[in-house]
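Chains as they are written, first to last, in the numbering used here: chain A, 1 to 356; chain B, 357 to 627.
Glycine included, each C-beta is placed from N, C-alpha and C at the ideal position.
Predicted model only: the values in this text are computed from it and were never measured.
Below is one structure, written out as structure tokens; the observations come after it.
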């Protein structure tokens, strides 16, 4: 086992009521990384987090912490702290006592506790709130208390279970930036669970896309967005056009009834594949000279751009453009070689076992 | 504002007739003699019954403590069950309350008697018979058995509001199971604890059926004394009212103690 992995999940299986949530799940997490487990609800991401936190004993498999087996160690003896989805603050204690909870359990001297708590409240921007009741705080403030309460214990890993889910959009964006800043200033590992792909792409060093208890793809946000490995990832990460095609040979693919030049290679001759094209990568042009042509079915103003549905030979393309076209207009569409992403068919297999 | 006041009028009348007026009457009776002239003899003479008052407080306190010890883990266990099982167990807790109070207490009599079921069972092994009926232990047992649901229900209702994630957060922060109980669950359950204590202690201290049926003649409680002043041979409603007044003061005093206990003191008491 390599040294710089702080957490390794080794063939973890978990099932509830005979329903398998994680099946032979393996994942290695590097130290000081911001790792996000991303997937739809029920994909096993929270279960994975609970296994790391020790709240859930896996049916089989091992959890390693710095190479040491901690599978059967209870949560209160792990060097891991958690920020819960619903904050889970102690309502009978004020802000200061909430944050001091962990240090008092460890029987640290009160003078040291005061110093640490003050420092941590400062870090999360809650100085001056010490004696406030937690029930008299906004959702964003409560979540900051929860973060401070976890971080004050100097965990090696901070687990965050959809911590921003209950906040409104603006606050969520602010907290995203803030969490990233906190992670970088403290240099500790964050394992973050979310179903919000934008959140995952904004904050993470590494994104783990999951579905049905299986890792679909692991990579940097840019890799995941630009080179989705399969249709699930492509569909889940942003909007995309996914359509069947044939990879004739290296750099040549045909789909939607046309042959295109692409940048992919290493497929079998004439292999059946799936093609992903992002809506923002399609350029509207003159229908006479363009690669593809179709009829605009609808146009919706989205703020930064217009979103159009274009019917081309029965396939409905989703296209984003800064210029709008009237519904009913015949338009052309061009797709550059860089913007065509080729995926193996049935890439959703359970054997993906990769290192982050 | 006006409407709210108008709606509350019937309740105010009800309270005036059935709560305030009787209290005033008890006060008047306590401070007058048979001829209707003012006297404090009834109250000053109560010192004679100090042993009975002390016994009542003592037995009610023991019963309340036992109820708390039994109900706390039980209520917590129920609050962590699935919703369906919670309903089932709550029904089981309340099931005895659907039966007549007297009947339940009679049942205990026949169980505890010298030739009752329990002693006959022991007799099979050649031990006993033990003296169980007409003891203070039997009185306490009767109180615990009859009033336990009044401790479980308020505790349960505050404990169901404790989210599992709060317990997990405490574990996450390094608290062992014992610490989770003392630092999180008990403090959060304080409102239920004070309600439960009141709801068990007050009927226990003023009961007369349980002490008469299970305690025999030797374990008189305040309730029995008061009852005797009104219905018994020593008919004296003035003295009975004075006793009731003193009992009320005792109850108010203990209630003010329990409600002033904050979570930290309770924590210290329990550790």
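Any idea what DSSP makes of residue i, helix, strand or coil?
| i | result |
| --- | --- |
| residue 71 of chain A | coil |
| residue 158 of chain A | strand |
| residue 359 of chain A | Here chain A has residues from 1 to 356 only, and residue 359 of chain A is not among them. |
| residue 78 of chain A | coil |
| residue 378 of chain B | helix |
| residue 477 of chain B | helix |
| residue 258 of chain A | strand |
| residue 366 of chain A | The question about residue 366 of chain A has no answer here: the residues shown for chain A are numbered 1 through 356. |
| residue 591 of chain B | coil |
| residue 15 of chain A | strand |
| residue 94 of chain A | strand |
| residue 128 of chain A | coil |
| residue 365 of chain B | helix |
| residue 204 of chain A | coil |
| residue 45 of chain A | helix |
| residue 241 of chain A | strand |
| residue 470 of chain B | coil |
| residue 302 of chain A | coil |
| residue 247 of chain A | strand |
| residue 227 of chain A | coil |
| residue 196 of chain A | coil |
| residue 354 of chain A | Note that residue 354 of chain A scores 38 on pLDDT, short of 50, meaning its location in the model is unreliable and no value can be drawn from it. |
| residue 263 of chain A | coil |
| residue 577 of chain B | coil |
| residue 348 of chain A | With a pLDDT of 49 at residue 348 of chain A, under the threshold of 50, the modelled position of this residue cannot be trusted; read the value that follows with caution. Residue 348 of chain A: coil per DSSP, three-state reduction. |
| residue 609 of chain B | helix |
| residue 341 of chain A | strand |
| residue 316 of chain A | strand |
| residue 30 of chain A | strand |
| residue 5 of chain A | strand |
Would you say residue i and residue j are within 8 Å of each other, going by their C-beta atoms?
| i | j | result |
| --- | --- | --- |
| residue 327 of chain A | residue 298 of chain A | yes |
| residue 22 of chain A | residue 207 of chain A | no |
| residue 205 of chain A | residue 34 of chain A | yes |
| residue 237 of chain A | residue 273 of chain A | no |
| residue 553 of chain B | residue 516 of chain B | no |
| residue 234 of chain A | residue 315 of chain A | no |
| residue 508 of chain B | residue 449 of chain B | yes |
| residue 365 of chain A | residue 290 of chain A | As displayed, chain A neither begins before 1 nor continues past 356, which places residue 365 of chain A out of reach and without an answer. |
| residue 461 of chain B | residue 565 of chain B | yes |
| residue 32 of chain A | residue 188 of chain A | yes |
| residue 308 of chain A | residue 325 of chain A | yes |
| residue 556 of chain B | residue 431 of chain B | no |
| residue 75 of chain A | residue 54 of chain A | yes |
| residue 580 of chain B | residue 567 of chain B | yes |
| residue 153 of chain A | residue 81 of chain A | yes |
| residue 164 of chain A | residue 183 of chain A | no |
| residue 105 of chain A | residue 531 of chain B | yes |
| residue 43 of chain A | residue 266 of chain A | no |
| residue 485 of chain B | residue 470 of chain B | yes |
| residue 329 of chain A | residue 200 of chain A | no |
| residue 607 of chain B | residue 549 of chain B | no |
| residue 464 of chain B | residue 498 of chain B | yes |
| residue 310 of chain A | residue 300 of chain A | no |
Give the C-beta separation of residue i and residue j to the nearest angstrom, bearing in mind that I take them to be a contact with Cβ-Cβ under 8 Å.
| i | j | result |
| --- | --- | --- |
| residue 388 of chain B | residue 395 of chain B | 6 Å |
| residue 145 of chain A | residue 134 of chain A | 6 Å |
| residue 336 of chain A | residue 286 of chain A | Actually they are not in contact, since the Cβ atoms of residue 336 of chain A and residue 286 of chain A sit about 16 Å apart, beyond 8 Å. |
| residue 563 of chain B | residue 544 of chain B | No, residue 563 of chain B and residue 544 of chain B are not in contact; Cβ-Cβ is about 31 Å, not under 8 Å. |
| residue 284 of chain A | residue 321 of chain A | 5 Å |
| residue 160 of chain A | residue 83 of chain A | 5 Å |
| residue 131 of chain A | residue 94 of chain A | 5 Å |
| residue 594 of chain B | residue 398 of chain B | 5 Å |
| residue 282 of chain A | residue 317 of chain A | 7 Å |
| residue 52 of chain A | residue 156 of chain A | Residue 52 of chain A to residue 156 of chain A, Cβ: 11 Å. No contact. |
Inset, instruction - Could you please tell me which residues of the region 511-544 of chain B, in chain order, have their CB closer than 8 Å to any CB of chain A? - result: Taking 8 Å as the Cβ-Cβ cut-off against chain A, the residues of the region 511-544 of chain B that qualify are 519, 521, 522, 524, 525, 526, 527, 528, 529, 530, 531, 532, 535, 539, 540, 543 and 544.
Legend entry - the region 134-154 of chain A in contact with the region 82-99 of chain A per 3-pair CB rule at 8 Å: Result yes; three or more Cβ-Cβ pairs closer than 8 Å.
Inset, instruction - Assess, as a yes-or-no matter, whether the region 403-419 of chain B is touched by the region 491-503 of chain B under the definition of 3 or more beta carbon pairs within less than 8 Å. - result: Result yes; three or more Cβ-Cβ pairs closer than 8 Å.
Legend entry - Within 7 Å of chain B by C-beta, residues of the region 104-115 of chain A in sequence order: So the list reads 105 and 106, given in the order they occur along the chain.
Inset, instruction - Using a Cβ-Cβ cut-off of less than 9 Å, list which residues of the region 39-68 of chain A approach chain B; keep chain order. - result: Against chain B - using a Cβ distance shorter than 9 Å - the residues of the region 39-68 of chain A are 50, 53, 54 and 55.
Legend entry - Interface residues of the region 181-209 of chain A facing chain B [CB-CB below 7 Å]: Along the region 181-209 of chain A, none of the residues has a CB nearer than 7 Å to a CB of chain B.
Inset, instruction - Specify whether the region 45-59 of chain A and the region 6-16 of chain A touch according to this definition: at least 3 beta carbon pairs, one from each stretch, less than 8 Å apart. - result: Segments in contact, yes.
Inset, instruction - Evaluate the contact criterion for the region 422-441 of chain B versus the region 514-531 of chain B: three or more CB pairs, one atom per stretch, below 8 Å. - result: Yes: at least three Cβ pairs fall under 8 Å.
Inset, instruction - Check each residue of the region 153-170 of chain A: if its Cβ is closer than 8 Å to any Cβ of chain B, include it; give the result in chain order. - result: Going along the region 153-170 of chain A in chain order, one finds 153 with a Cβ nearer than 8 Å to chain B.
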